[in-house]
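Scroll down for the structure; my scribbles are underneath it.
Chains as they are written, first to last, in the working numbering: chain A, 1 to 169; chain B, 170 to 750.
As structure tokens, then:
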């Protein structure tokens, strides 16, 4: 396969919107109307209660993305849209998982949580609920390493992201 | 000043300069209807809410001012969904006010409750559910600002009953009028980028085969005069899309008429062979481009539009310019003058002679009917257009189908804002109510609705409104007893299998129906009767007139670019098919 085929098509949009009723529905339905799936979506008010920030991850080629961004910007309540380059931004996600952890598996799961600097939230006789906060790749890795032990329930938040600062170390 | 929300709503409309509301009352909106009695605003009581919406559109098309419609909740709101979608597609400024059930009942599936804001979200430029009476003046001010600025469009304001009901304490508010609008996310760009405009001028100066592709945005931007200046300065021919008919005079030597699926051969072919398309307020609609891959393959594109999302949506422009068409064209004309004006333009005589060759070989044409045969629709239109009693600035409105295409082809549009139709959505039944709205907006003008028999049956009841309100519109039904455009497609692409398109010429009896609705009704069956009927209709100004013109169902609209074909495959009238291209 060519190099182009390996190029990631997912994009992270950070959308600043007015904090008003129905804005999230407007943004989400615009994606649905144009036939694009949202991979991940996270929304919460910012430090200024008049505005919320929506972080959207969408899997799409760049050309349709440009059209989506332009259409999004036509929404009256959308104030600002920036596309965040994963290399130039900090991204975080939270994972909660209940995993089978009886017998000898329990120590292995514990070890995995320690390696990834996750947390044990809850321990039962045969299961354990663990959490991990980190960048999406790390969370993906953690999830795939947990999977062989038997994931009973899994919940991940959408991604949140902010641009990296200038001259950050 | 203390007011209730209903009073504040009407007062807000007065502050916005609204002179007429098209609407129909009902339970949830009743408190807003009460203060209308004390208001100078005229209310036109429609017979169906769809009529209210299209009337508001017709009014907006011809006046440039936003049309206003007001209806109640539930089925009234769903009835006005079609006009909202229509106005959204054609960028028509419109403010629709819908009643909503009381705040406490929202979400309970109360009587006549629908999620109006949810239903209309994707077919309005903006919509809002008002939750507090004190917000009403601000929301109305914002609605008019949004509807009329940038790319115009419909705005819907949904108002729960309790906040407008004087018997409910929630409706009490202190009147104010916001002097400014605070919308941090809404800042339309009106002034074009100077460097891009210069680039456009340079590209024009290098082009040998340019065509100006003028769209409805020219009319929305009040840019007809600027367009004419640009065309005359550069000597570049102009095509006017279905939405832009009238934006450039058809009688002008540089006018090529309409492009697209049923455009003139010359307009289609000139675009197709051009080396530069100057797209002004046009959006590369599929009905214009035909099969996109084969559209104007050699053309570079200058694209001017106030909506940034239109640039690159369909065809990537070489020079994209976001801005108000009038301001951008005026600046472009200025730059072209600085660069030497007409003298600096290259020699395009070869291109001009090719264009005039196409015009000579492929004019619009049809075979006149033989004696005793049914009328040809094109003949009726020519007679209507050329009748000495038909003023040359007559406003013409059409529904959707064959009659719409013939009207666009055969009328001579020499003035802006004289052509009203449903372009993007293609709404059958548009013309009767839109004509009523247009006549309300321009009572000084003669208003002719050219309708099909299929279209007419969808919204004819609004003629009752017109008769009752003394709005003397004139309706010409081109009655071929068929859903004509569908029949044409079945004839050409479905082996003449005419499935479910026959309507009958006599059922209903249009003359009697018109008379029952308080109109003057006439029926015309032969060519000799046509001029007298038109003259009579033009002389009646105290009530609506309907003429049932019995036309030939076998007549087809030519030229035609079949769906999915490229514009190089345009099918001309059978009598021209042997002509060398």
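Where is the CB? At the ideal position from N, CA and C, for every residue including glycine.
Interface residues of chain A facing residue i [CB-CB closer than 7 Å]
i                      : result
residue 482 of chain B : 67
residue 478 of chain B : 67, 70, 71, 74
residue 616 of chain B : Within 7 Å Cβ-Cβ: nothing; residue 616 of chain B doesn't reach chain A, min ~33 Å.
residue 295 of chain B : 76
Neighbour-count burial assignment, residue i, 16 or more Cβ in a 10 Å radius
i                      : result
residue 748 of chain B : exposed
residue 433 of chain B : buried
residue 280 of chain B : exposed
residue 662 of chain B : exposed
residue 382 of chain B : buried
residue 16 of chain A  : buried
residue 461 of chain B : exposed
residue 170 of chain B : exposed
residue 622 of chain B : buried
residue 103 of chain A : exposed
residue 37 of chain A  : exposed
residue 164 of chain A : exposed
residue 25 of chain A  : exposed
residue 183 of chain B : exposed
residue 681 of chain B : exposed
residue 751 of chain B : Because chain B here runs from 170 to 750, residue 751 of chain B falls outside it and cannot be looked at.
residue 710 of chain B : exposed
Contacting residues, own chain, Cβ-Cβ under 6 Å from residue i (five flanking each side not counted)
i                      : result
residue 12 of chain A  : 57, 84, 161
residue 638 of chain B : 213
residue 704 of chain B : 558
residue 232 of chain B : 610
residue 567 of chain B : 573, 576, 590, 600, 619
residue 94 of chain A  : 133, 157
residue 477 of chain B : 491
residue 519 of chain B : none
residue 114 of chain A : none
residue 593 of chain B : 258, 259
Contact set for residue i: own chain, Cβ-Cβ below 7 Å, skip 5 residues either direction
i                      : result
residue 203 of chain B : 175
residue 648 of chain B : 622, 674, 679, 717, 718, 719, 720
residue 734 of chain B : 459, 460
residue 496 of chain B : 359, 360, 361
residue 39 of chain A  : 10, 57, 58, 59
residue 504 of chain B : 366, 367, 370
Beta-carbon neighbours of residue i, restricted to chain B and to distances below 8 Å
i                     : result
residue 18 of chain A : 353, 354
residue 26 of chain A : 290
residue 53 of chain A : None at all; the shortest Cβ gap to chain B is about 13 Å.
residue 79 of chain A : 353, 354
Within chain A, the residues that residue i reaches when beta carbons sit closer than 9 Å
i                      : result
residue 315 of chain B : 76
Neighbouring residues, chain A, relative to residue i (Cβ below 8 Å)
i                      : result
residue 286 of chain B : 22
Close Cβ partners of residue i (< 8 Å) along its chain, the five nearest in sequence each way excluded
i                      : result
residue 111 of chain B : Shown here, chain B extends from 170 to 750; a query on residue 111 of chain B therefore has no answer.
residue 435 of chain B : 425, 426, 524, 527, 528, 531
residue 249 of chain B : 218, 219, 221, 222, 238, 240, 265, 267
Proximal chain B residues relative to residue i, where beta-carbon distance stays under 7 Å
i                     : result
residue 92 of chain A : Correct list: empty, because the minimum Cβ distance to chain B is about 26 Å.
residue 33 of chain A : 291
Closer than 9 Å at the beta carbon, the chain B residues around residue i
i                     : result
residue 29 of chain A : 287, 290, 291
Residue i Cβ short of 7 Å to the ligand PLP heavy atom set
i                      : result
residue 562 of chain B : As presented, the structure is devoid of all ligands, the ligand PLP included, so that no description of it is given.
Margin query: For the pair the segment 315-328 of chain B and the segment 355-371 of chain B, tell me if three or more CB-CB distances fall below 8 Å.
Written below: yes
Notebook entry, point to check: Within the chosen definition, does the segment 211-223 of chain B reach the segment 556-563 of chain B through at least 3 CB pairs nearer than 8 Å?
Noted result: no
Checklist line | Three-pair Cβ contact test at 8 Å for the segment 335-345 of chain B versus the segment 361-372 of chain B | finding: no
Notebook entry, point to check: What are the start and end residues of each continuous beta strand (DSSP E) run of 3 or more residues lying completely inside the segment 212-256 of chain B, in chain order?
Noted result: 236-240
Notebook entry, point to check: Do the segment 442-451 of chain B and the segment 719-732 of chain B meet, that is, are 3 or more Cβ pairs less than 8 Å apart?
Noted result: no
Next item on the list: Note down, one range per segment and in chain order, each alpha helix (DSSP H) of at least 4 residues found wholly within the segment 479-518 of chain B.
Entry: 494-507
Check: Three or more beta-carbon pairs under 8 Å between the segment 689-697 of chain B and the segment 705-720 of chain B, yes or no?
Finding: yes
Notebook entry, point to check: At which residue ranges does the segment 524-576 of chain B contain complete alpha helix (DSSP H) runs of 4 or more residues, listed in the order of the chain?
Noted result: 546-555
Next item on the list: Inspect the CB distances between the segment 382-398 of chain B and the segment 503-517 of chain B and report whether three or more fall short of 8 Å.
Entry: no
Notebook entry, point to check: Which runs of the beta strand (DSSP E) spanning at least 3 residues fall entirely within the segment 332-411 of chain B, listed in chain order?
Noted result: 341-343, 379-383, 406-409
Next item on the list: Examine the Cβ distances between the segment 259-267 of chain B and the segment 238-250 of chain B and report whether three or more of them are shorter than 8 Å.
Entry: yes
Next item on the list: Could you name each continuous beta strand (DSSP E) segment of 3 residues or more that falls completely within the segment 590-628 of chain B, going from the start of the chain to the end?
Entry: 616-621
Checklist line | Cβ contact (3+ pairs, closer than 8 Å) linking the segment 147-154 of chain A and the segment 94-110 of chain A | finding: yes
Item checked: Cβ pair count under 8 Å reaching 3, the segment 327-335 of chain B against the segment 67-85 of chain A -> no
Notebook entry, point to check: Touching or not, the segment 282-299 of chain B and the segment 253-260 of chain B, by the rule of three or more beta carbon pairs under 8 Å?
Noted result: yes
Note to self: Report the start-end ranges of each alpha helix (DSSP H) in the segment 45-133 of chain A that is 4 residues or longer and not cut off at the edges.
What the structure shows: 62-74, 105-115
Margin query: My parser needs the alpha helix (DSSP H) runs of 4 or more residues fully inside the segment 626-685 of chain B; what are they?
Written below: 631-637, 653-662, 679-685
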